[in-house]
Amino acid sequence: MTKPYVLGIDIGGTNTVFGIVDARGQVIASDSIKTRKHSNFDDYVQELHDGVLRLLEKNDAEDKIQGIGIGAPNANYYTGEIINPPNLPWEGPVIPLAEKVSKAFGGIPVAVTNDANAAALGEMTYGAARGMKDFIMITLGTGVGSGIVVNGQLVYGHDGFAGELGHLIVKRNNGRMCGCGRTGCLEAYCSATGVARTAREFLEVRTEPSTLRNLHIEDITSKDVYDAAVAGDKMAVDIFNYTGTILGEAFADMVSFTSPQAIILFGGLAKSGDLLMKPLQTAFDKSVMNVFKGKTKILLSELKESDAAVLGASALGWEARNRFENVTTEVSGAETEKS
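My numbering numbers the first residue of the sequence shown as 15 and each following residue consecutively.
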């Protein structure tokens, strides 16, 4: 019997990464194309198809792909479309992603969701959430993304866009402007860009010496803050304490929504270790309701960063395959009954 594979595709603002994944979660091979090379979506799909085909040929995997999963910004699981895509070059408020990709690949079933939901699926299938039915995935990158799993199912809501925990309001008065158009969102404080914004604020209002003052204030990144904190810079350590405290308090609120077994962190900022995790855990323990104390673990992702995007999307590819097989079985059964 031919060994089955799925294709995992992660569409980012700069690169689109795709890979062949087997049923054990092994990334057989991967490659990428530039997302912004083509302003016409059909031209982009054609280049994606050509790149995937070359990868399949190199790895003797032609005709072995049984499903395709795609993680993309503002992707809607129900409709298979990207709605009002941020940081993507294609025109139109609605991009028929699943339809176009499935057609390009000869009708292979395609399922799509946003990148944080894909990460949650990947963690549940291959990572720290294996065996869990209730958990929350938080991605700490340029923004703050989230995927909520309840009773083994991702929460999509009635319109496909549920779970935007990065846009919980954490500062009601005089909060920072967020990219979503609101003020005071968690993302504005606890993303990598949020940490850099905190550094600029601290440098402007505080007077003590800091190695961060040696950098041009507008060019400071979260990596600069991390390096300074590791070297013992007090202001940089305080920035992480401030960030971790806000995250911990927000996580305590999140637990009240779904009572998850765990909150799992992924992304560059999650690699900050105790600098972030100690103040986060302290604030969480202090803020969580008594009925939930000691019940929710805060864990780090077990997915390799280099494979995480592809693995998350590939988990959706298996779902697409299974969904297609179930529909086919139902149709065949109905036709048998008629005959």
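Ideal Cβ positions, reconstructed from N, Cα and C, are used throughout, including at glycine.
Query - Given A322 as reference, the closest of V184, F119, L135, T257 once Cα atoms are compared - result: Stepping through the sequence shown from its first residue, residue 322 is reached at position 308. Of V184, F119, L135, T257, the residue nearest in Cα terms is L135.
**Report entry** Under 8 Å between C-beta atoms of P293 and D148
**Finding:** Position 279 of the sequence shown, counted from the first residue, corresponds to residue 293. Position 134 of the sequence shown, counted from the first residue, corresponds to residue 148. No, these two residues do not count as a Cβ contact at 8 Å.
Query raised in the report: In terms of alpha-carbon separation, which member of V184, G22, D252 lies closest to R196?
Result: Position 182 of the sequence shown holds residue 196. Here the closest residue by C-alpha is V184.
**Report entry** A329 versus T310: straight-line alpha-carbon distance, rounded
**Finding:** As a first step, residue 329 must be located in the sequence shown, where it is residue number 315. As a first step, residue 310 must be located in the sequence shown, where it is residue number 296. Distance between the alpha carbons of A329 and T310 is about 24 Å.
**Report entry** Same chain only: Cβ atoms within 8 Å of V59, ignoring 5 sequence neighbours per side
**Finding:** As a working mapping, residue 59 is identified with position 45 in the sequence shown. K114, V115, A118, listed in sequence order.
Report task. For the stretch 123-133 and the stretch 47-54, state whether three or more C-beta atom pairs, one from each stretch, are separated by less than 8 Å. Result -> They do not touch, by the three-pair rule.
Query raised in the report: By the 10 Å Cβ neighbour count, where 16 or more other Cβ atoms means buried, how is I253 classified, buried or exposed?
Result: As a position in the sequence shown, residue 253 is number 239, starting the count at 1. The Cβ neighbour count for I253, taken over all protein chains shown within 10 Å, is at least 16; the residue is labelled buried.
Report task. Classify G347 as helix, strand or coil using the three-state DSSP reduction. Result -> As a working note, residue 347 is residue 333 in the sequence shown. Per-residue confidence for G347 stands at a pLDDT of 49, beneath the threshold of 50, marking its modelled position as unreliable; the derived number appears in the next sentence. Three-state result, G347: helix.
Report task. Provide the residue span of the alpha helix (DSSP H) that contains V154, from first to last. Result -> Position 140 of the sequence shown, counted from the start, is the residue given in the question as residue 154. The residue asked about is misnamed: residue 154 is Leu in this sequence, not Val. Careful: L154 lies outside any alpha helix (DSSP H), inside the beta strand (DSSP E) at 149-154.
**Report entry** G33 vs V324 beta-carbon contact at 8 Å
**Finding:** Within the sequence shown, residue 33 is the residue found at index 19, counting from 1. Within the sequence shown, residue 324 is the residue found at index 310, counting from 1. Cβ atoms of G33 and V324: closer than 8 Å.
Query - Spatially closest choice to S205 from D24, N73, I152, by CA coordinates - result: The residue labelled residue 205 in the question sits at position 191 within the sequence shown. Residue I152 is the option with its Cα nearest to S205.
**Report entry** From F306, D57, D24, residue whose alpha carbon lies closest to that of I84
**Finding:** The residue given as residue 84 occupies position 70 in the sequence shown. With respect to the C-alpha of I84, the residue from F306, D57, D24 having the closest C-alpha is D24.
**Report entry** Any 3 or more C-beta pairs closer than 8 Å across the stretch 137-147 and the stretch 241-253
**Finding:** By the Cβ rule, the stretch 137-147 does not count as touching the stretch 241-253, because fewer than three pairs are nearer than 8 Å.
Query raised in the report: According to the Cβ coordinates, are G189 and G198 closer than 8 Å?
Result: Here the question's residue 189 lines up with position 175 in the sequence shown. Here the question's residue 198 lines up with position 184 in the sequence shown. Taking a C-beta distance under 8 Å as the contact criterion, G189 and G198 qualify as a contact pair.
Query raised in the report: Between V158 and L102, is the Cβ-Cβ spacing less than 8 Å?
Result: Stepping through the sequence shown from its first residue, residue 158 is reached at position 144. Stepping through the sequence shown from its first residue, residue 102 is reached at position 88. No, Cβ-Cβ distance for V158 and L102 is not below 8 Å.
**Report entry** CA-to-CA distance, L289 to A210, given in whole angstroms
**Finding:** The count along the sequence shown starts at 1 and reaches residue 210 at position 196. The count along the sequence shown starts at 1 and reaches residue 289 at position 275. Distance between the alpha carbons of A210 and L289: 15 Å.
Report task. Determine the closest residue to H181 out of V163, Y203, A89, N187, with distance taken between C-alpha atoms. Result -> By 1-based counting over the sequence shown, the position of residue 181 is 167. With distances taken between Cα atoms, H181 lies closest to Y203.
Query - Residue span of the beta strand (DSSP E) that contains Y19, given as start and end - result: On the sequence shown, position 5 is the one that residue 19 refers to. In the DSSP assignment, Y19 falls within the unbroken beta strand (DSSP E) covering 19-25.
Requested in this report: Taking T296 as part of the alpha helix (DSSP H), name the residues at either end of that continuous run.
Outcome: Along the sequence shown, one-based indexing puts residue 296 at 282. Where T296 is concerned, the enclosing alpha helix (DSSP H) stretches over 288-301.
Query raised in the report: Between G177 and A266, what straight-line distance do the alpha-carbon atoms span, to the nearest angstrom?
Result: Reading the sequence shown from its first residue, position 163 is the one you call residue 177. Reading the sequence shown from its first residue, position 252 is the one you call residue 266. If you draw a straight line from the Cα of G177 to the Cα of A266, it comes to about 16 Å.
Requested in this report: Under 8 Å by Cβ, that's how I've got V386 and L226 pegged, so tell me the actual separation to the nearest angstrom.
Outcome: Only positions 15 to 353 of the chain appear in this structure, which leaves residue 386 out of reach.
**Report entry** First through last residue of the beta strand (DSSP E) which encompasses S46
**Finding:** Against the sequence shown, residue 46 aligns to sequence position 32. Its beta strand (DSSP E) spans residues 41-48.
Query raised in the report: Hey, how far is the Cα of K237 from the Cα of S286?
Result: Taking the sequence shown and counting its residues from 1, one reaches residue 237 at position 223. Taking the sequence shown and counting its residues from 1, one reaches residue 286 at position 272. So the alpha carbons of these two residues sit roughly 9 Å apart.
Requested in this report: Below 7 Å CB to CB, which residues in the same chain sit around G161 once its five sequence neighbours on both sides are set aside?
Outcome: Residue numbering aside, residue 161 sits at position 147 when the sequence shown is read from its first letter. Correct list, in chain order: A130, N131, A133, A134, M151, L168, G177.
Query raised in the report: Taking buried to mean at least 16 other C-beta atoms within 10 Å of its own C-beta, is V108 buried or exposed?
Result: Stepping through the sequence shown from its first residue, residue 108 is reached at position 94. Exposed, by the Cβ-count rule.
Requested in this report: Confirm, please, whether the CB-CB distance from S301 to E263 is below 8 Å.
Outcome: For the purposes of this step, residue 263 is taken as the residue at position 249 of the sequence shown. For the purposes of this step, residue 301 is taken as the residue at position 287 of the sequence shown. The criterion of a C-beta distance shorter than 8 Å is satisfied by E263 and S301.
Query raised in the report: What are the boundary residues of the beta strand (DSSP E) that N95 is part of?
Result: Walking along the sequence shown from the start, residue 95 turns up at place 81. One detail in the question is off: residue 95 reads as Glu in this sequence, not Asn. It spans 95-97 - the beta strand (DSSP E) in which E95 sits, taken as one unbroken run.
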